[in-house]
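**Student:** Right, I'll just put the structure down here and ask away after.
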Amino acid sequence: MDSQIEQQFFQYLSELGFPKSSVIYEPAFQPIGDGRRYRPDFALLDPKTNEPLAIIEIKGRNDQATLSRATQQVRQYVAALRDKGIRGFVVTPAQSGSGFDFYTPGEDGQPKQVPSSSFLQFESLSSARIAEKKEMLAEEKKETTDQFLVVCFVAAAFAIFIAIADFVCSRYGITLLTTERMALVGAAIALVVIPYVQKFKGLGIEIDRAAKQAKG
């Protein structure tokens, strides 16, 4: 690690009960569809699932200007990951001279100090992550299902309309639906439906563990 503060912080996480395999130093991640590559100071992962639990930025000072800039930086990291279950922290040496102080972006976007040892614990972060992920997946599934049903109804209405038009045209000796045209209509409907089917599988971002892993 590059600085004494970072080394002390890693030791502090170990004392809080974080497994060494869950602490990644200077991880690199690049969200889907974003050309930028992000590299926060630390990422906390669930070693069982390799899913990010928190993003942490270390600062040596705790003046308001430094905290505000770092808070905005952490918000950018979390927003880029597009996962509401990931928490962001700005960490500075404690004013008391022992341990560290933790800050998160408040509702107004400004840094808000939070309890350290009582708040930042591996088990609590992991449990909160699991609960939040279940809630997000349920919301996403409902939204995707609702959209899929609308698409299915529209596709069914379109097919019925084509069938009626073909029946009417046939009364006047006009052939509307040939085998080739039916195949094209079916392919068009499939192209609309397939993305929704694929979306059910879900998308995610994985922290690049090839980055430097913290070592004791």
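Residue numbers (my numbering): 21 to 236. C-beta: ideal position from N, C-alpha, C; glycine also.
(1) Using a 10 Å radius around the Cβ and a threshold of 16 neighbouring Cβ atoms, would you call I194 buried or exposed?
(2) How is the beta strand (DSSP E) around Q92 delimited, first residue to last?
(3) Among residues of its own chain, excluding the 5 on either side of I106, which ones have a beta-carbon nearer than 6 Å to its beta-carbon?
(4) Please report the Cβ distance between A90 and E77, rounded to the nearest whole angstrom; I am assuming they are in contact, meaning their Cβ atoms lie under 8 Å.
(5) Who pairs with T195 in a beta bridge, going by DSSP?
(6) Spatial neighbours of E226 within its chain, please: C-beta separation below 7 Å, excluding the five flanking residues on both sides.
(7) Can you tell me whether V40 is buried or exposed, with buried defined as 16 or more other CB within 10 angstroms of its CB?
(8) In this structure, how does DSSP classify T164 when only helix, strand and coil are distinguished?
(9) Who does V134 pair with in a DSSP beta bridge?
(10) Give a yes or no on whether the C-beta atoms belonging to G129 and R95 are separated by under 9 Å.
(11) Short of 8 Å in beta carbon distance, which residues of its chain neighbour A100, apart from the five on each side in sequence? Order them along the chain.
(12) For a test of the three-state rule: what should DSSP assign to I180, helix, strand or coil?
(13) With a 10 Å radius around its C-beta and 16 neighbouring C-beta atoms as the bar for buried, classify S42 as buried or exposed.
(14) Using the Cβ count rule (16 or more neighbours within 10 Å means buried), how would you classify Y192?
(15) Smallest Cα separation from Q115: which of G108, F109 and D83?
**Tutor:** Reading it off the structure:
(1) exposed
(2) Careful: Q92 lies outside any beta strand (DSSP E), inside the alpha helix (DSSP H) at Q84 to L101.
(3) P72 and V98
(4) 5 Å
(5) T195 is not bridged to any residue.
(6) Low confidence applies to E226: its pLDDT is 46, below 50, so where it sits in the model is not reliable enough to give any reading.
(7) The sequence given here places Lys at residue 40; Val does not occur at that position. Exposed, because fewer than 16 other Cβ atoms sit within 10 Å of the Cβ of K40.
(8) helix
(9) F122
(10) yes
(11) F49, P51, D54, R56 and Y58
(12) helix
(13) buried
(14) exposed
(15) D83
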